[in-house]
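Notes follow once the structure below has been shown.
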Amino acid sequence: MENNNKENVKLVGFWVSPFVQRVRWALKMKGIKKYEYIEEDIYNKSSLLSEINPVYGKVPVLVHNGKPLSESSIILEYIDHVWNDDFVPPLLPRDPYQRAQARFWAKFADQKVLESAWMVLCSEGEKQERAVKEAIEALEKLEEKLKSGNSVFFGGDTIGYLDLMVGFVSYLYPVWEEAASVKILDALKFPALAAWQSDFLNHELIASEYLPPKAEAVAYFRWRRSELIPVYNRMY
Amino acid sequence: MADGVVLLDTYFSMFGMRARLALAEKGIDYEYKEENLGDKSPVLLEMNPVHKKIPVLIHNGKPVCESLIIVQYIDEVWKDNSPLLPSDPYQRAQARFWADFVDKKVYDAGRRLWTTKGDELETAKKDIIEALKLLETELGEKPYFGGENFGFVDVALVTYSSWFYAYETCGNFSVEEHCPKLMEWVKRCMEKESVSKSLADPKKVYDFVLFLRKKHGLE
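Protein chains in written order, with this note's numbering: chain A, 9 to 244; chain B, 214 to 432.
Below is the structure:
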């Protein structure tokens, strides 16, 4: 049923941001097709961005009926709350305990999995070796979590909130590995995650949605790596 | 303790205080277990194997970890009294945003206040004042961040007020001077029994910080 009030959606994003990507997937899952996507050059930020995200000045920002929201996990919960009837799949589990688990692992995905992989990208030599070790430790925990669920996806038989939050592992991990010339997610060591990567990417909702083109993404992150290695060297 | 609620916590943790506060707001009976972080209990290691941190809420034998996740869980399970999160989706998202801001900006700057000196300390002071001022602006003229009622962001931030004295003394500044309205809000919150009984004594927090500083060779 068309509900104009619900459909006034804008997404301000950056083509290769994993945080923006989550929101695209969430909108896709909820069947929200008619939204305006605004590409922001994060290296030359517009006045729009500082207006709709005055606190952090970052993407993604979802603007719904003129009201802005930022922080990807918060946006996903909002989308789940608003677009919520019998005809759309739920993102988060309904049971409070399962929801708490999903939120816990989503936080882990950001603070440990993504963060450690980013450090691998932005370091070299001994620092990178240490970062790889941490990234592997984080993946081990994620692998265990996936195995313990006894199902294809983190969300069960179909994709859910946690799959979207971990989703960057499916397409961005290989990009970062190539840009940093190092392998972290070895399919032999992480069979469940490796299977999940292809199951996730092949899922009809994900396969039919935009993903940043791989060659361009590798080139972009190679550039970020060269810029950030000296910066992180000084900081850590 | 199959049917009950257990909280693994430490007295000084502003994160643990949030769980205590949420339980108090809802009037939930629970068993409190003080952890020694230098010698973590087998229960803690079993219930939070990923991070081995407190607080951990154990409900019907099942653990919930991470303070804001615990508070949301408590709010969702015991949903019939003292709701902490707004029911409107946009307002709920805003509440989550500001609670997350507290952890992103206040915690880190606060930690730097008692672990650094010189230029780094001055930067930490600047950062925490900036963060608190932004929160003060968000509070505006409302009695609480939750509006007329004490809510999620109030729970998230008020526990840090027990660390203000320590921050102020280490950083040589006054929160009241920069954020008078925020301090009024702290006093208003402290009039609630749930808050005053859940927060650690600021002087004791300061003594604890001094102990940590000595332990890490910062004195």
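Even glycine gets a Cβ: it sits at the ideal position worked out from N, Cα and C. Given the structure is predicted, the values throughout are model-derived calculations rather than measurements.
- Query: Is the beta carbon of M127 of chain A sitting closer than 8 Å to the one on A146 of chain A?
  - Reply: As a first step, residue 127 of chain A must be located in the first sequence, where it is residue number 119. As a first step, residue 146 of chain A must be located in the first sequence, where it is residue number 138. No, these two residues do not count as a Cβ contact at 8 Å.
- Task: Please confirm if R107 of chain A has its CB atom under 8 Å from at least one CB of chain B.
- Result: In the first sequence, residue 107 of chain A corresponds to position 99, counting from 1. Yes, its Cβ sits closer than 8 Å to a Cβ of chain B.
- Mind listing the chain A neighbours of K275 of chain B? Cutoff is C-beta to C-beta under 8 Å, in chain order. The count along the second sequence starts at 1 and reaches residue 275 of chain B at position 62. The contacting residues are Y105.
- Task: Run the proximity test for D222 of chain B: is its beta-carbon closer than 7 Å to any non-hydrogen atom belonging to the ligand ZN?
- Result: Only the bare structure without any ligand can be found here, which leaves the ligand ZN out of the picture.
- A232 of chain B at chain A interface by Cβ criterion, 8 Å: For this step, residue 232 of chain B is matched to residue 19 along the second sequence. Chain A contact via Cβ: absent.
- Given K416 of chain B as reference, the closest of B:Y380, B:Q307, B:K428 once Cα atoms are compared: Position 203 of the second sequence, counted from the start, is the residue given in the question as residue 416 of chain B. The shortest Cα separation from K416 of chain B among B:Y380, B:Q307, B:K428 belongs to B:Y380.
- Item | Sequence-distant residues of the same chain with beta carbon closer than 8 Å to E10 of chain A, five excluded per side | Translated into the one-based positions of the first sequence, residue 10 of chain A becomes position 2. With a pLDDT of 44 at E10 of chain A, under the threshold of 50, the modelled position of that residue is not reliable, and the figure given next carries that caveat. Answer for E10 of chain A: no residue qualifies.
- Query: Between R32 of chain A and chain B, is there a C-beta pair that is closer than 8 Å?
  - Reply: On the first sequence, position 24 is the one that residue 32 of chain A refers to. With 8 Å as the cut-off, R32 of chain A does not count as an interface residue toward chain B.
- Give the secondary structure of H272 of chain B by DSSP, where H, G and I count as helix, E and B as strand, and everything else as coil. The count along the second sequence starts at 1 and reaches residue 272 of chain B at position 59. H272 of chain B falls in the strand class under three-state DSSP.
- Item | Partner residues on chain B for L77 of chain A, Cβ-Cβ distance less than 9 Å | Counting from one through the first sequence, the residue named residue 77 of chain A turns up at place 69. Residues of chain B passing the Cβ test: Y303, A306, Q307, F310.
- Task: List the whole-angstrom C-beta distance separating S32 of chain A from Y218 of chain A, where the pair is believed to meet the contact cut-off of C-beta under 8 Å.
- Result: By one-based count along the first sequence, residue 32 of chain A stands at place 24. By one-based count along the first sequence, residue 218 of chain A stands at place 210. The sequence given here has Arg at residue 32 of chain A, not Ser. Going by Cβ atoms, the distance from R32 of chain A to Y218 of chain A rounds to 6 Å, so yes, they are a contact pair.
- Expected contact under 8 Å - CB spacing of E59 of chain A and G21 of chain A to nearest Å: The residue given as residue 59 of chain A occupies position 51 in the first sequence. The residue given as residue 21 of chain A occupies position 13 in the first sequence. About 16 Å; that fails the 8 Å criterion.
- Spatial neighbours of D165 of chain A within its chain, please: CB distance less than 8 Å, with the 5 preceding and 5 following residues excluded, ordered by chain position. As a working mapping, residue 165 of chain A is identified with position 157 in the first sequence. Closer than 8 Å at Cβ, skipping near neighbours: S159.
- Item | Length of the line joining the Cα atoms of M173 of chain A and L209 of chain A | Here residue 173 of chain A refers to the residue found at position 165 when the first sequence is read from its first residue. Here residue 209 of chain A refers to the residue found at position 201 when the first sequence is read from its first residue. Taking the straight line joining both Cα atoms gives about 14 Å.
- Item | Boundaries of the alpha helix (DSSP H) in which D321 of chain B is found, first to last residue | Along the second sequence, read from residue 1 onward, the residue named residue 321 of chain B stands at position 108. Taken as a continuous stretch (DSSP letters only), the alpha helix (DSSP H) holding D321 of chain B covers 320–328.
- Message: For a cutoff of 8 Å on Cβ pairs, would you count V63 of chain A as touching chain B?
- Response: In the first sequence, the residue the question calls residue 63 of chain A occupies position 55. Answer yes: the Cβ-Cβ gap between V63 of chain A and chain B drops below 8 Å somewhere.
- Where D293 of chain B falls, given that 16 or more other Cβ within 10 Å makes a residue buried: As a first step, residue 293 of chain B must be located in the second sequence, where it is residue number 80. It is exposed - the Cβ of D293 of chain B has fewer than 16 other Cβ atoms within 10 Å.
- Rounded C-alpha distance that separates K155 of chain A from L334 of chain B: Walking along the first sequence from the start, residue 155 of chain A turns up at place 147. Walking along the second sequence from the start, residue 334 of chain B turns up at place 121. Roughly 45 Å between the two C-alpha positions.
- Apart from the five residues just before and just after P356 of chain B, which ones in its own chain have a Cβ nearer than 7 Å to its Cβ? Along the second sequence, one-based indexing puts residue 356 of chain B at 143. Answer for P356 of chain B: R401, listed in chain order.
- Task: Assuming R231 of chain B contacts V368 of chain B (C-beta within less than 8 Å), just tell me the rounded distance between them.
- Result: Here the question's residue 231 of chain B lines up with position 18 in the second sequence. Here the question's residue 368 of chain B lines up with position 155 in the second sequence. Indeed, because the Cβ distance is near 5 Å, the residues count as touching under 8 Å.
- Task: Please decide whether I82 of chain A counts as near chain B, where near means a Cβ-Cβ distance under 8 Å.
- Result: On the first sequence, residue 82 of chain A is found 74 positions in, with the first residue counted as 1. It does; some Cβ of chain B falls within 8 Å.
- Hey, out of B:V218, B:F225, B:L220, whose CA is closest to L412 of chain B's CA? Translated into the one-based positions of the second sequence, residue 412 of chain B becomes position 199. Per the Cα distances, B:F225.
- Message: Here's a check: name, in chain order, each residue in its chain whose Cβ is nearer than 7 Å to the Cβ of Y179 of chain A, leaving out the five neighbours to either side.
- Response: By one-based count along the first sequence, residue 179 of chain A stands at place 171. L209, L219.
- Quick one: measure Cβ to Cβ for A143 of chain A and S124 of chain A, integer angstroms, because I've assumed they're closer than 8 Å. Mapped onto the first sequence, residue 143 of chain A falls at position 135. Mapped onto the first sequence, residue 124 of chain A falls at position 116. Right, their Cβ atoms sit about 4 Å apart.
- Message: Does chain B have any CB closer than 8 Å to the CB of K149 of chain A?
- Response: Translated into the one-based positions of the first sequence, residue 149 of chain A becomes position 141. True, the Cβ-Cβ gap to chain B drops below 8 Å.
- Say whether chain B places a C-beta atom closer than 8 Å to the C-beta of V28 of chain A. On the first sequence, position 20 is the one that residue 28 of chain A refers to. Not an interface residue.
- Complete beta strand (DSSP E) runs within the region 360–427 of chain B (minimum length 3 residues, chain order): none
- Query: Closest to F365 of chain B by CA distance: which of B:I271, B:G353, B:S280 is it?
  - Reply: Within the second sequence, residue 365 of chain B is the residue found at index 152, counting from 1. Of B:I271, B:G353, B:S280, the residue nearest in Cα terms is B:S280.
- Per DSSP, what kind of secondary structure is L431 of chain B in: helix, strand or coil? Indexing the second sequence from 1 puts residue 431 of chain B at position 218. Correct three-state label for L431 of chain B: coil.
- Got a sec: which bits of the region 277–302 of chain B sit with their beta carbon under 8 Å from any beta carbon on chain A, in order along the chain? V277, C278, E279, I282, I283, Q285, Y286, E289, V290, P302
- Own chain, CB closer than 7 Å to I341 of chain B, minus 5 neighbours either side, in chain order: Translated into the one-based positions of the second sequence, residue 341 of chain B becomes position 128. Cβ within range, chain order: V319, A322, G323, L326, Y380.
- Query: Should W231 of chain A be labelled buried (16 or more other beta-carbon atoms within 10 Å of its own) or exposed?
  - Reply: Residue numbering aside, residue 231 of chain A sits at position 223 when the first sequence is read from its first letter. So W231 of chain A counts as exposed.
- Query: Looking at the structure shown, is T223 of chain B part of a helix, part of a strand, or coil, going by DSSP?
  - Reply: Your numbering for residue 223 of chain B matches position 10 in the second sequence. Note: T223 of chain B maps to coil in three-state DSSP.
- Query: Counting Cβ pairs, one atom from each stretch, are 3 or more of them under 8 Å apart for the region 99–107 of chain A and the region 65–76 of chain A?
  - Reply: no
- Straight-line gap, S300 of chain B to A223 of chain A (C-alpha atoms, nearest Å): Numbered from its first residue, the second sequence carries residue 300 of chain B at position 87. Numbered from its first residue, the first sequence carries residue 223 of chain A at position 215. Between S300 of chain B and A223 of chain A, the C-alpha separation is close to 44 Å.
- DSSP on K197 of chain A, reduced to helix/strand/coil? As a working mapping, residue 197 of chain A is identified with position 189 in the first sequence. Residue state, collapsed to three classes: coil.
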